[in-house]
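Protein chains in written order, with the numbering used here: chain V, 1 to 429; chain W, 430 to 858. Each remark here refers to the structure printed beneath this line.
Protein chains: 2
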Amino acid sequence: MTRTTAELIADRARLMGPNVATFYDDPIHFVKGSGVWLWDADGRKYLDCYNNVPHVGHCNPRVVDAICRQASTLNTHTRYLHDGILDYIDRLTTTMASSLDTAILTCTGSEANDIALRMAEAVTGKRGIIATDATYHGNTSLVSQLSKSNVPTVGFGLGQYFRFVDAPDSYRTPDLDGTIFAAKVSDQIAALEEDGTGFAALVVCPYFLNEGFPDNPDGWLKPVADVVRKAGGLLICDEVQSGFGRTGTHIWAHEKMGVVPDVVVLGKPMANGHPVGGVVAGRDIVTAFRSGYRYFNTFGGNPVSCAAAMAVLDEIEENDLVTNAKIVGDHANTRLKTLAQKYEVIGDVRGSGLIFGAELVLDRGSKAPATDFTNQIINAMRHKGIILSKLGRHKNALKIRPPMPFSIENANLLIDTLDEVLGQTSVPA
Amino acid sequence: MTRTTAELIADRARLMGPNVATFYDDPIHFVKGSGVWLWDADGRKYLDCYNNVPHVGHCNPRVVDAICRQASTLNTHTRYLHDGILDYIDRLTTTMASSLDTAILTCTGSEANDIALRMAEAVTGKRGIIATDATYHGNTSLVSQLSKSNVPTVGFGLGQYFRFVDAPDSYRTPDLDGTIFAAKVSDQIAALEEDGTGFAALVVCPYFLNEGFPDNPDGWLKPVADVVRKAGGLLICDEVQSGFGRTGTHIWAHEKMGVVPDVVVLGKPMANGHPVGGVVAGRDIVTAFRSGYRYFNTFGGNPVSCAAAMAVLDEIEENDLVTNAKIVGDHANTRLKTLAQKYEVIGDVRGSGLIFGAELVLDRGSKAPATDFTNQIINAMRHKGIILSKLGRHKNALKIRPPMPFSIENANLLIDTLDEVLGQTSVPA
Chain V
1 MTRTTAELIA DRARLMGPNV ATFYDDPIHF VKGSGVWLWD ADGRKYLDCY
51 NNVPHVGHCN PRVVDAICRQ ASTLNTHTRY LHDGILDYID RLTTTMASSL
101 DTAILTCTGS EANDIALRMA EAVTGKRGII ATDATYHGNT SLVSQLSKSN
151 VPTVGFGLGQ YFRFVDAPDS YRTPDLDGTI FAAKVSDQIA ALEEDGTGFA
201 ALVVCPYFLN EGFPDNPDGW LKPVADVVRK AGGLLICDEV QSGFGRTGTH
251 IWAHEKMGVV PDVVVLGKPM ANGHPVGGVV AGRDIVTAFR SGYRYFNTFG
301 GNPVSCAAAM AVLDEIEEND LVTNAKIVGD HANTRLKTLA QKYEVIGDVR
351 GSGLIFGAEL VLDRGSKAPA TDFTNQIINA MRHKGIILSK LGRHKNALKI
401 RPPMPFSIEN ANLLIDTLDE VLGQTSVPA
Chain W
430 MTRTTAELIA DRARLMGPNV ATFYDDPIHF VKGSGVWLWD ADGRKYLDCY
480 NNVPHVGHCN PRVVDAICRQ ASTLNTHTRY LHDGILDYID RLTTTMASSL
530 DTAILTCTGS EANDIALRMA EAVTGKRGII ATDATYHGNT SLVSQLSKSN
580 VPTVGFGLGQ YFRFVDAPDS YRTPDLDGTI FAAKVSDQIA ALEEDGTGFA
630 ALVVCPYFLN EGFPDNPDGW LKPVADVVRK AGGLLICDEV QSGFGRTGTH
680 IWAHEKMGVV PDVVVLGKPM ANGHPVGGVV AGRDIVTAFR SGYRYFNTFG
730 GNPVSCAAAM AVLDEIEEND LVTNAKIVGD HANTRLKTLA QKYEVIGDVR
780 GSGLIFGAEL VLDRGSKAPA TDFTNQIINA MRHKGIILSK LGRHKNALKI
830 RPPMPFSIEN ANLLIDTLDE VLGQTSVPA
């Protein structure tokens, strides 16, 4: 049926329960998507500067075609033989260091992280997991414990195994070479070893997207990787947001940050919205995990999912979307920096490729976060047909993370509109 | 690329790691599916008497069309408003008792069970979970602990919260009214309360499919439901295999077993192989779960998944597949019973609708399971173009669980071939 916005909101509460978040004060009812564009039920067009799941564009024809063709041919599971999953893993792993040669496919990034943490337990025999205090890695009982900002009250006591370190913040507390971060992780490792939990793994998004994509220079993760390896733990890089070329300089953000992880976790953009996730690791780690029991995921790695995921890699490669991310991201960053000369509220501009944004502050001296103001801007942009969001420890960073075919023209529309909105919105005293 | 069977097996080991199970001594390479039929790479046709994921038939045109249409129109997430998820939950919940009025959609049954167990923890404040000793409910760290037959060696110590009771076995240890099972659960509840863990939930497949679908009469779960409720715990019914009309008498097996669960878990057949799962529960239970934190599942309940799931409900209803399951299942059961008069090795014939099979024994007096022989039969059937499997505590029950459009003619081909294979295979002394 076709509901009005009010009816949609009422039925959500009735059928989905309470506390189901929507974006914006005035939630949007989208009915159509194509490339970097979305349309609402009233026929209004929006530029999508936020959604990374439709990595190669909303309703990408190649991905849709791959799904339709395979879904009408065969869709089974990995207990039968099929070329699709092997072709995909073969291609995927060739984009990574040679030590990352084996994969397990899942349906979500949550399932993938849930496996990654168990891999660390299997390899080290220990259970202590370290993450930053402003991250998110998924929703299973185990993995949801990684969200310190939103600590679940239920979760079978798993919180005991998790320790948090301050998220890197290049704007407020610079750590130019990553040694401060490494020292903090080292402290938590010592604490875990001392209290008997033992250290199993550090889990990080290598570009720290949820933390507000701090301006860490290339190679920044090297010191912490050394600390982790010296302590016998695993380095798990969650590339759910940062991977598949988003940063514009490398296919994987861990390459940019100068490390080869023990385990790479993949999700959201992997199949452009078709539910696919995965874990890539070295053979020994996969063996340690699988030796205990036969992990089987009914839908994981099915022929349709693999066809969709393969089409995403084809699109990235044939349209050189990594280079596009660099060119458009650089342009947008430059324009944002120009805007910062005009608006005092823009405290910091940063990002790489098609993950970029600006931190909004009440005062450049104190760097006090303009959190409410940021929320106002997001909502005003929405009413001007621009979809973006906010993130970071203070929820005051504009989060701009569009589909990868985002163009210079799209970036100009985004920045021009932001200029207009900033000019019309009064900054609190 | 197109690999030979030997190359597929070698590449699986290389790319997917060890211990990745395939069906059959001589694994099959399927390349095409349609309705109840599958084709291998050599063009050989197989009758699928096993796969329940393609519930309304392999490559069902209505489901494929729904996926293609929605995938080419819009695919986003539940942070925007959309009619699809609301239409689906509305329709799904009307097939259940009025107390089951709210739903959370996920991508897999594992994710759904992972939520269900946390709902029990949230509602009761306790963590003790009871299941049977021959079940399987999924693969997350938490949920994988429910598989006693395959206890994971890794899993963050979660095994401490799980207790097991003997799976019902109508053939060897009859329990006609379910009171013996209820008493066993009662004992485990007492043990959980005594050791301080406390009792949170009983999780069962209401038709006990993995346990070997014992011949429990309708209403059989009532006594155990009373025991669970009296102890303040939740009754979680995992309808991943038993639901969507499979038993031929009811849409949900819990109805057949005379109970209204607190939580219903859904998965595999829900969208005919598109990765969709879900949890249906009463509003208070969903609220208790969601009050702690905002559960969000990126792909869960997306427009494409909901369109696929809706098409499955349409197909079941418009083609009256529940009635078909009853008619064809009754016919197959009758023919299997006739076969049992010819072959001493068939110890028991049982099932309901399109989950049925026979338990194979070395001796009808001792009921000693003919486990190796069952394996031989399964593999011989495969070479005659019939796909089925085995299950149960002794892995000696033929597991026949075809797509729901399975016909009388299909059932006759299955039974005729089984007759032939049983006649050609010598039973061990």
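Positions of the beta carbon are idealized from the N, C-alpha and C atoms, including for glycine. Bear in mind the structure is a predicted one, so any value in this text is a computation, not a measurement.
- Contact check between the stretch 599 to 619 of chain W and the stretch 515 to 533 of chain W: fewer than three CB pairs, one atom from each, fall below 8 Å, which does not count as touching.
- The Cβ atoms of G677(W) and S781(W) sit closer than 8 Å to each other.
- Residues of the stretch 582 to 599 of chain W that bring their beta carbon within less than 8 Å of a beta carbon in chain V comprise T582, V583, G584, F585, G586, L587 and Y590, in sequence order.
- Per DSSP, G357(V) is one residue of the beta strand (DSSP E) stretching across I355 to L360.
- The beta carbon of P174(V) sits no closer than 8 Å to any beta carbon of chain W.
- In the same chain as L621(W), and ignoring 5 residues on each side of it, the C-beta atoms closer than 7 Å to its own belong to G557, R592, G627 and F628, in chain order.
- Nearest Cα to G159(V) within the set W220(V), L38(V) and I130(V): I130(V).
- The C-beta distance from D238(V) to V204(V) rounds to 7 Å, short enough to fall under 8 Å.
- Cβ-Cβ distances below 7 Å link A654(W) to L664 and V688 in the same chain, with the five nearest sequence neighbours on each side left out; the list follows chain order.
- If you compare the alpha carbons of I400(V), H250(V) and R364(V) with that of I378(V), the shortest gap goes to I400(V).
- Each of T106(V), N52(V), A66(V) and A10(V) was checked against the Cα of H511(W), and the nearest Cα belongs to A10(V).
- V460(W) and G538(W) have their C-alpha atoms some 26 Å from each other.
- Per DSSP, the continuous beta strand (DSSP E) segment holding V693(W) begins and ends at V692 to L695.
- Under the Cβ criterion of 8 Å, R91(V) is not counted among the residues facing chain W.
- Counting only residues of its own chain and dropping the five nearest sequence neighbours on each side, F23(V) has a CB closer than 7 Å to the CB of S389.
- Counting the other Cβ atoms within 10 Å of the Cβ of E640(W) gives 16 or more, which makes it buried.
- Closest by C-alpha distance to D348(V), out of T94(V), M16(V) and E359(V), is E359(V).
- Under the rule that a run must span 4 or more residues, the alpha helix (DSSP H) segments found entirely inside the stretch 368 to 403 of chain V read 371 to 383.
- Per the Cβ contact rule, the stretch 40 to 58 of chain V is not in contact with the stretch 274 to 282 of chain V (fewer than 3 Cβ pairs under 8 Å).
- Separation of the CB atoms of P269(V) and L362(V) is rounded to 34 Å, and the pair is thereby denied contact status at 8 Å.
- Annotation: the stretch 299 to 354 of chain V contains the following complete segments of the beta strand (DSSP E) (minimum length 3 residues), in chain order: 346 to 352.
- Taking Y509(W) as reference, the option from F725(W), T564(W) and D848(W) with the minimal CA-CA separation is F725(W).
- A residue is called buried when at least 16 other Cβ atoms come within 10 angstroms of its Cβ; D262(V) meets this threshold and is buried.
- With a contact defined as Cβ atoms closer than 8 Å, A112(V) and G267(V) qualify at about 6 Å.
- Residues of the stretch 102 to 119 of chain V with a C-beta less than 9 Å from any C-beta of chain W: T102, A103, I104, L105, T106, C107, T108, G109, S110, E111, D114, I115, L117, R118 and M119, listed in chain order.
- Less than 8 Å divides the Cβ of L354(V) from the Cβ of V328(V).
- In chain order, L74 make up the part of chain V whose C-beta sits under 7 Å from the C-beta of V460(W).
- Between the alpha carbons of S501(W) and V493(W) lies a gap of roughly 12 Å.
- Proximity of E744(W) to chain V, defined by a Cβ-Cβ separation below 8 Å, is not satisfied.
- If you draw a straight line from the Cα of I837(W) to the Cα of I514(W), it is about 36 Å long.
- If one requires a minimum length of 4 residues, the alpha helix (DSSP H) runs lying completely within the stretch 589 to 631 of chain W are 608 to 623, in chain order.
- According to the DSSP assignment, S527(W) belongs to no beta strand (DSSP E), since it is labelled neither H nor E.
- Chain V has a Cβ within less than 8 Å of the Cβ of G702(W).
- Residue nearest to L418(V) within the set R118(V), P217(V) and I387(V) is I387(V) (criterion: CA-CA distance).
- Taking 8 Å as the upper bound on Cβ-Cβ separation, chain V lies near residues F459, V460, K461, G462, L467, N480, V482, P483, H487 and C488 of the stretch 459 to 488 of chain W.
- Relative to G155(V), the option among N568(W), D616(W), V485(W) and D543(W) whose CA is nearest is D543(W).
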